[in-house]
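Per the numbering used here, the very first residue in the sequence shown carries number 205; after that it's consecutive. All C-beta atoms in this analysis are idealised placements derived from N, C-alpha and C, irrespective of residue type, glycine included.
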Amino acid sequence: MAVIGLILAMGMIIFLIRKGVSLGLVMFIGVLIIGLFSPITLSEAGHIFWRTITDKTTVELLLIIFFISILGELLHQTGGLEQMVKNLNNFFTDPRLLLIFLPALIGSLPIACGAVFSAPMVESTGKVLKMESWRMAVVNIFYRHLFYLLFPLYSGLILAIELSGYSFAFFARFNAGVVLSTFLFSFCYIFREKKMSIKRDLGANSWLKVKALLKSLAPLLIILITAFLLGTPLPLAMFFGTVAAFLNYLPRGKWQEEIMRRTRLIFPGIRWSMLLAIAGIMVFKNFVLASRAVFFLAERFIALGVPLLALAVVLPLLTGLVTGNPAAALGISLPIIMPMSSVSKGPEIYAGLVYIVSLVGYI
């Protein structure tokens, strides 16, 4: 019965996401289905729910997503993101590299309609290379997502780290070869016969331009330095970066009014739906484990001779493709694949594979 419940929950999650129901609500519906078809009692279900919501991992993950969403909104609404793009433009002599970097930069921040925001930037630079519209669209979509495999502040990678238990260093090592090979191939293919070099003369004001670039990048640099060089917990590092984005580019005159305006941006900038989704995914994971459905499935697959490697490719690929939501693909796939991989050699390979394939399906 537990296996039937898991299959029904997966089917219902995919169906409802396709219908536009929020991921958070959908994951809790999946939890309800698993609970009804498993031997989990009502008191045990309440204990699992409370333990998950109050768990340190869940709390830290929610705080990270909380600050990431505010940070993205502040950078967008205060002009900080535009300053980044403007200052970076002074240092690129090859417009092809700028075309790659612009969507990657916008994609690193959870701002609403990010692809739409980066599209005119890609278009203005793409026209310099006389690129076709379809090729500029490919650049915008593809390079917005390729570096999700390595970007440590991407919410999907943070979720994969928490669900799998493996560190960012592991995912970085695992994904580095994929990113490098894919980047080289895509660069040669997309930009074939599109070569041009633009001379950038920083002149006597070169140091001023470097300072302007560092100032615009300060919120992101503060997060990366404090978290990954100084070892500060990521939620606290995200808080420091968010404060830096809040204070950056305050006008000298009427700064009190600007502070009030930025304060009003905080609440609307919070991605409540994403927070609910993260909570739902974490609860779903623990209910799947408590139901022991994955262990029954593992025994069945072994009896049928189905390789776990095949399941680790097909499941995240299909869920990413059908739902169009990387968090949903990871939230469904990792809680199923990881317990199965614990009895195999090199279980970490499956964690890295699921993350890559789910992103491929999503793109």
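Contacting residues, own chain, Cβ-Cβ under 7 Å from residue i (five flanking each side not counted)
| i | result |
| --- | --- |
| ILE221 | LEU227, VAL230, THR527, ASN529, ALA532 |
| LYS489 | LEU367, PRO539 |
| SER322 | LEU306, PRO307, ILE310, ASN344, ARG348 |
| ILE253 | Rather than Ile, the amino acid found at residue 253 in this sequence is Phe. Contacts found: VAL487. |
| ILE362 | LEU265, ILE268 |
| GLU327 | MET340 |
| MET325 | VAL289, LEU306 |
| ILE237 | GLY209, LEU212, ALA213, MET216 |
| SER390 | PHE346 |
| ARG466 | LEU278, THR282, PHE450 |
| THR261 | GLU366 |
| ILE536 | MET214, ILE217, THR523 |
Selection from the options that minimises the alpha carbon distance to residue i
| i | options | result |
| --- | --- | --- |
| MET464 | THR282, ARG339, LEU303 | THR282 |
| MET205 | LEU501, ILE345, PHE372 | LEU501 |
| GLY524 | ILE208, ILE218, LEU212, VAL207 | ILE218 |
| ARG496 | MET216, ILE244, VAL225, PHE232 | ILE244 |
| GLY284 | TRP411, TYR566, LEU418 | LEU418 |
| SER440 | GLU503, THR258, LEU266, LEU236 | Note on residue identity: the sequence assigns Leu, not Ser, to residue 440. Here the closest residue by C-alpha is LEU266. |
| LEU388 | ALA341, SER410, LEU301 | LEU301 |
| ILE427 | THR256, PHE443, LEU493, LYS415 | PHE443 |
| VAL517 | ILE541, GLU461, GLY509, ALA494 | ILE541 |
| PRO356 | VAL342, ARG377, TRP338 | ARG377 |
| GLY550 | LEU513, GLU336, THR261, PHE372 | LEU513 |
| TRP476 | GLU397, VAL332, SER273 | SER273 |
| LEU433 | ARG255, ALA373, THR467 | ALA373 |
| VAL332 | THR297, VAL342, TYR358 | THR297 |
| SER359 | ALA481, LEU279, VAL207 | ALA481 |
| PRO511 | ARG456, ILE394, LYS334, SER545 | SER545 |
| ARG468 | LEU278, PHE351, ARG396, LEU350 | LEU278 |
| GLU397 | SER562, TYR554, LYS334, MET478 | LYS334 |
| ASN409 | TYR566, GLU336, PHE295, LEU246 | PHE295 |
| SER385 | LEU350, HIS280, ILE567, LYS223 | LEU350 |
| VAL263 | VAL207, GLU503, VAL342, LEU479 | LEU479 |
| HIS251 | THR436, VAL342, ALA494 | ALA494 |
| TYR566 | SER548, LEU519, TYR554 | LEU519 |
| PHE395 | SER247, VAL342, VAL225 | VAL342 |
Residue span of the alpha helix (DSSP H) that contains residue i, given as start and end
| i | result |
| --- | --- |
| SER247 | 246-258 |
| MET214 | 206-222 |
| THR386 | 372-394 |
| ASN490 | 476-495 |
| TYR554 | 551-566 |
| THR446 | 438-451 |
| LYS413 | 410-432 |
| VAL517 | 512-527 |
| ARG465 | 459-473 |
| SER537 | 530-545 |
| LEU367 | 359-368 |
| LEU227 | 227-240 |
Contacting residues, own chain, Cβ-Cβ under 8 Å from residue i (five flanking each side not counted)
| i | result |
| --- | --- |
| ASN379 | LEU353, LEU354, GLY556, TYR559, ILE560 |
| VAL564 | LEU521, GLY524 |
| VAL382 | LEU353, ILE560 |
| GLN287 | ALA416, LYS419, SER420, TYR453 |
| LEU425 | LEU418 |
Presumed contact (8 Å Cβ cut-off) between residue i and residue j, rounded CB distance
| i | j | result |
| --- | --- | --- |
| GLY234 | ALA249 | With a Cβ gap of about 13 Å, GLY234 and ALA249 do not count as contacting. |
| GLU552 | TYR370 | 6 Å |
| PRO543 | PHE505 | Not confirmed; about 12 Å, so no contact. |
| ASN291 | SER420 | 5 Å |
| LEU454 | GLU462 | 6 Å |
| LEU212 | VAL492 | 13 Å between Cβ atoms; not a contact. |
| PRO299 | THR258 | That pair is no contact at about 51 Å. |
| GLY484 | PHE232 | 5 Å |
Contacting residues, own chain, Cβ-Cβ under 6 Å from residue i (five flanking each side not counted)
| i | result |
| --- | --- |
| ILE615 | Because the chain is modelled from 205 through 567, residue 615 falls outside the range shown and cannot be assessed. |
| ALA364 | LEU534, TYR559 |
| ALA431 | LEU438, ALA441 |
| ASN423 | The question names Asn, but residue 423 in the sequence shown is Pro. If we look at PRO423 and ignore the five residues flanking it on each side, its Cβ neighbours are GLY445, ALA448, ALA449. |
| ILE470 | ILE274 |
| SER242 | ALA206, GLY209, SER495 |
| PHE375 | none |
| TYR554 | ALA516, ILE541, SER545 |
Item to complete: Could you tell me which uninterrupted alpha helix (DSSP H) segments, each at least 4 residues in length, are contained entirely in the stretch 291-352, listed from first to last along the chain?
Response: 299-311, 318-332, 337-349
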